[in-house]
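I have placed the structure first, in the form of structure tokens, so that the comments after it can refer back to it.
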Amino acid sequence: MVRAIPGDPAQILLGQTATPEAVAEIRTRLGLDRHPVVQYLLFLRDAATGDLGDSIVTGQPVTATLLEKFPATLELALAALLFAVVIGVPIGVIAAVRQYSLLDRITSVIALTGVSMPIFWLAMIFVVIFTVNLEILPFPGRVGNEVSFTSYTGVYTLDTLITLNFPAFWDVLKHLVMPAVALGTIPMAVITRMTRSSMLEVMNEDYVRTARAKGVVPWRVVFRHALRNAMLPTVTVIGLQFGLLMGGAILTETIFTWNGIGQFAIQSIDGRDYAGIQGVVLYGAVFFVLVNLLVDVLYAVLDPRVRL
Amino acid sequence: MAQAPVRETPVSNPVQTRTRFGDFRQGFLGNKLAIVGLVVISLFVLMAVFAPLLAPYDPIKDQNLAQRFDGPSASHPLGQDELGRDILSRIIFGARVSLTAGLAAVVFATVFGTFVGVVAGYAGGLIDATLMRLMDIILAFPSILLAIVIVSILGQGLTNALLAVGVVLLPQIARVVRSSVISVRERDYVEAERAIGASDSQIVFSAILPNSLAPLIVQSTLALATAILDVAALSFLGLGAQPPQPEWGAMLTDAFRSGFGVFTEGQHAIIFPGVAIALSVLAVNFIGDGLRDALDPRRRR
Numbered sequence: 006m007v008r009a010i011p012g013d014p015a016q017i018l019l020g021q022t023a024t025p026e027a028v029a030e031i032r033t034r035l036g037l038d039r040h041p042v043v044q045y046l047l048f049l050r051d052a053a054t055g056d057l058g059d060s061i062v063t064g065q066p067v068t069a070t071l072l073e074k075f076p077a078t079l080e081l082a083l084a085a086l087l088f089a090v091v092i093g094v095p096i097g098v099i100a101a102v103r104q105y106s107l108l109d110r111i112t113s114v115i116a117l118t119g120v121s122m123p124i125f126w127l128a129m130i131f132v133v134i135f136t137v138n139l140e141i142l143p144f145p146g147r148v149g150n151e152v153s154f155t156s157y158t159g160v161y162t163l164d165t166l167i168t169l170n171f172p173a174f175w176d177v178l179k180h181l182v183m184p185a186v187a188l189g190t191i192p193m194a195v196i197t198r199m200t201r202s203s204m205l206e207v208m209n210e211d212y213v214r215t216a217r218a219k220g221v222v223p224w225r226v227v228f229r230h231a232l233r234n235a236m237l238p239t240v241t242v243i244g245l246q247f248g249l250l251m252g253g254a255i256l257t258e259t260i261f262t263w264n265g266i267g268q269f270a271i272q273s274i275d276g277r278d279y280a281g282i283q284g285v286v287l288y289g290a291v292f293f294v295l296v297n298l299l300v301d302v303l304y305a306v307l308d309p310r311v312r313l
Numbered sequence: 002m003a004q005a006p007v008r009e010t011p012v013s014n015p016v017q018t019r020t021r022f023g024d025f026r027q028g029f030l031g032n033k034l035a036i037v038g039l040v041v042i043s044l045f046v047l048m049a050v051f052a053p054l055l056a057p058y059d060p061i062k063d064q065n066l067a068q069r070f071d072g073p074s075a076s077h078p079l080g081q082d083e084l085g086r087d088i089l090s091r092i093i094f095g096a097r098v099s100l101t102a103g104l105a106a107v108v109f110a111t112v113f114g115t116f117v118g119v120v121a122g123y124a125g126g127l128i129d130a131t132l133m134r135l136m137d138i139i140l141a142f143p144s145i146l147l148a149i150v151i152v153s154i155l156g157q158g159l160t161n162a163l164l165a166v167g168v169v170l171l172p173q174i175a176r177v178v179r180s181s182v183i184s185v186r187e188r189d190y191v192e193a194e195r196a197i198g199a200s201d202s203q204i205v206f207s208a209i210l211p212n213s214l215a216p217l218i219v220q221s222t223l224a225l226a227t228a229i230l231d232v233a234a235l236s237f238l239g240l241g242a243q244p245p246q247p248e249w250g251a252m253l254t255d256a257f258r259s260g261f262g263v264f265t266e267g268q269h270a271i272i273f274p275g276v277a278i279a280l281s282v283l284a285v286n287f288i289g290d291g292l293r294d295a296l297d298p299r300r301r302r
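Structure below.
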């Protein structure tokens, strides 16, 4: 499918001045002279064995490039999800418990505003506020040039923590805040809305009324009886949002020059790197499916009635 | 609650009949946010329609590099961009591009999504399974990623960007339509139509579609918000509207790509186009939420 992109990668690779013979040679080496169907079948065979071909842009195998860049994207996405859940769930619970209060109304307006935010714009506004005007957060990149540490996992927060390099950890954390909050804003808003509506539903259930009637303290009713049941739909949404974060990461990584898979995706498209694009798309879909599988497993943990 | 006035004179029809439309009007107009949304989006539409009359400068030709990133002033209320163009004029003309593109994407998604949903829901069986698995495949990718891939296949440009967004939004519409078609398919009035010898297409148009309309309208409105955002995002990545076309997302990327200076001296060039995107999307979301509350009796307060 990706082969339909106009533009000859061999020509782009060698530049406009290349001789036709050189272009033909590269085409043969990359397998571009074969029939598209043959190319596709070869791709399927190789993909099944974990070989996604070589990236034309980097000259490295795509699988290796994806693995190398995955930790950066994962770190960003996890931080964004953490922000979204830590803020979204409690606000949703409070809004539901105090339904129709001023707080509830403000929450719904803020949540709707959050869903309506263009995240690439939000990211740039953050830079204007926190880097340029307040000068408290660094931009761009994942870590300052003057900071050095050994990277074992590629997840910089983890790397700096296990080596007990706290100044570096602090620097990495400061780099992480803006992209993570920008990326996490939409999921946060979605999670808030979902938590609120499923809490409202659960609060009207008989077992909540029974618990209240038994004289269980209110906060215990909310957290033990209601929230646990309300979490089922919320967890689904969290999983779905986490999968979608991979898409939003493309925008966020572009702005913060975050050296992750999102940036690689844009480089691949600009360079007509078929293997690279295929790799990113395949990775995106696999990631999405795995996350949803994880959600199904979590269901069983939260709800004993569900058996795997 | 407003107190109903006590009628002194006998009325000819003392029974207040509640109509669906009346209920809807009451529900929707009672929602202040929805009204705000409607007003805001109307203003944007008026702005787009009368752009040549409203804009003080030409959005493309009036360049002045000496006034690069000049801040807001009396002659340029929202300041000037990286080429010294008037940002206000570009936002006004940008409303045409951004809103039309979003709308076109949703129309595409709605037309084809409704078709897929009706065929799948009405036909059932193998056709249903095949179509819906196809929709699942689209849903299996993060939407922006899929849209990016589609644009890179079709080639960059606004038309292809909005087609890509339309394709990505299609499954949501198809699912909503399919489920409401299935829920009305076995009703008595459909049975009655069939009994009097109506053809499948007659049944679909006279009995099934009108009764599936409410969720479809809500879903399409909410999809419009997503569409405006996604088209802007694609333009931001350089895959949609191309320079010098004034499009809100493209305005942001043009300013952003002009270098770090935009963050220090050209902040207004980032702020205002984004405000336009966020405001219009928010307005559409308010309307969508209002419609949903008004059209779905279970959600009514």
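Which chain is which? The protein sequence lines are A and B, in order. As numbered in our numbering, the first sequence has no gaps in its residue numbers, which increase by one up to the final residue, 313. As numbered in our numbering, the second sequence has no gaps in its residue numbers, which increase by one up to the final residue, 302. Ideal Cβ positions, reconstructed from N, Cα and C, are used throughout, including at glycine.
Pairing Q243(B) with G103(B) gives a Cβ-Cβ distance that is not under 8 angstroms. Between the beta-carbon of A116(A) and that of M204(A) there is about 14 angstroms, and that puts the pair past the 8 angstroms contact cut.
At the C-beta level, L170(B) and V107(B) come within 8 angstroms of one another. For chain B, the residues of the segment 216-249 of chain A that bring a beta carbon within less than 7 angstroms of one of its beta carbons are G248, L249, in chain order.
Rounded to the nearest angstrom, the Cβ distance from G244(A) to L299(A) is 7 angstroms, consistent with a contact under 8 angstroms. Scanning the segment 194-236 of chain A for uninterrupted alpha helix (DSSP H) segments of 4 residues or longer gives 211-219, listed from N- to C-terminal end. Taking 9 angstroms as the Cβ-Cβ cut-off, the segment 248-280 of chain B approaches chain A at W249, G250, L253, T254, A256, F257, F261, V263, F264, T265, Q268, I271, I272, P274, G275, V276, I278, A279, L280, given in chain order.
If the five residues before and after G262(B) are omitted, its C-beta is found closer than 8 angstroms to the C-beta atoms of F70, all from its own chain and listed in chain order. Less than 8 angstroms separates the beta-carbon of G93(A) from that of M193(A). The beta carbons of L253(B) and G275(B) sit closer together than 8 angstroms.
Nearest CB-CB separation between L100(B) and chain A: not below the 8 angstroms threshold.
The beta carbons of P57(B) and L84(B) sit no closer together than 8 angstroms. A234(B) reaches chain A at P123, F125, L256, counting residues in chain order whose Cβ is nearer than 7 angstroms.
For F287(B), the enclosing alpha helix (DSSP H) covers residues 268-296. Excluding its 5 nearest sequence neighbours in each direction, L142(A) has C-beta neighbours in its own chain below 7 angstroms: F135, T136, K179, V182, M183, listed in chain order.
Beta-bridge partners of D231(B) (DSSP): none assigned.
Here DSSP, grouped into helix, strand and coil, assigns D59(A) to strand.
Looking at the backbone, the Cα of Q104(A) and that of E210(A) are separated by about 16 angstroms.
Between E140(A) and the set F264(B), L283(B), A196(B), V98(B), the nearest pair of CA atoms involves F264(B). Against chain B, a Cβ distance below 8 angstroms from A290(A) picks out A141, F142. In the structure shown, Q243(B) adopts coil according to DSSP, grouped into three states. Under the 8 angstroms criterion on CB atoms, L117(A) is classed as interfacial with respect to chain B.
Nearest CB-CB separation between N286(B) and chain A: below the 8 angstroms threshold. Taken in chain order, no unbroken stretch of beta strand (DSSP E) lies wholly in the segment 67-121 of chain A with a span of 3 residues or more.
Annotation for A224(B): V107, A110, L170, Q173, I174 place their beta carbon closer than 7 angstroms to its own, counting only its chain and skipping 5 residues before and after. Looking at the DSSP output, Q65(A) sits in no beta bridge, so it has no partner there. A residue is called buried once 16 or more other Cβ atoms fall within 10 Å of its Cβ, and N65(B), having fewer, is exposed. The DSSP-derived three-state label of Q268(A) is helix. DSSP places D87(B) in no alpha helix (DSSP H); its state is neither H nor E. Residue pairing for Q81(B): DSSP places it in a beta bridge opposite D87(B). Spatial neighbours of F125(A) in its own chain (CB-CB distance under 7 angstroms, excluding positions within 5 residues in sequence) are listed in chain order as L256, I260.
The beta carbon of T162(A) lies closer than 6 angstroms to those of V177 in the same chain, with the five residues before and after it left out.
The three-state reading of DSSP puts T239(A) in helix, counting H, G and I together.
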